[in-house]
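Colleague:
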Amino acid sequence: MTSSVSAQEGSHPVILYVTVPDIKVAKSLSTSLLDRHLIACSNIIPSVTSIYRWEGKVTEDSELLMILKSQSHLVDEIANHVRENHPYEVPEVISTRIENGNPAYIKWILDNTAQSERVV
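Count the sequence shown with our numbering and you get residues 5 to 124, in order.
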């Protein structure tokens, strides 16, 4: 099942991953991104363990994972918004293209991140 529907020429549906320290940050980022029509949805997964190298040392932290649905042409704007409103010095914001899915759901993502609906 693939959808070729796109709200902007050349744009594709994407999933973005963002880790955050707590539910307050997750809800704040989710709401502000939704208000700007930059994302269609945010899933907040509690209690993921992140093990990573930071400043030369292996570190382990408990975080929350946000899974965001949007369009590829909005990824840079989403990343900028997260960087400006995130407490981490280097917040994780990565994206991957959605190759297949329920066509009605893909259309819903595209319809809910449409340029014409955006507010600044």
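A virtual CB, placed ideally from N, CA and C, is assigned to each residue, including glycine.
Fair warning: this is a prediction, and the values are worked out from it, not measured in the lab.
1. How far does the beta strand (DSSP E) with residue 57 in it extend, from its first residue to its last?
2. Just to confirm, is the Cβ distance from residue 74 to residue 20 under 8 Å?
3. Spell out the partners DSSP gives residue 109 in its beta bridges.
4. Looking only at its chain, what residues have a beta carbon closer than 6 Å to the beta carbon of residue 52, apart from the 5 residues adjacent to it on each side?
5. CB-CB under 7 Å to residue 91, same chain, minus the five flanking residues each way: which ones, in chain order?
6. Can you tell me the Cα-Cα spacing of residue 88 and residue 105, whole angstroms?
7. Residue 44: buried (16+ other C-beta within 10 angstroms of its C-beta) or exposed?
8. To the nearest angstrom, how far is the alpha carbon of residue 84 from that of residue 54?
9. Taking Cβ positions, are residue 95 and residue 22 nearer each other than 8 Å?
10. Can you tell me whether residue 117 is buried or exposed? The criterion is at least 16 other CB atoms within 10 Å of its CB, across all chains shown.
11. Can the beta-carbon of residue 97 be found closer than 8 Å to that of residue 110?
Modeller: Result, derived from the coordinates:
1. 45-58
2. yes
3. Looking at the DSSP assignment, residue 109 forms no beta bridge with any residue, so it has no partner.
4. 67, 69
5. 25, 29
6. Those two C-alpha atoms are separated by around 31 Å.
7. When all chains shown are included, residue 44 counts as buried.
8. 23 Å
9. yes
10. buried
11. no
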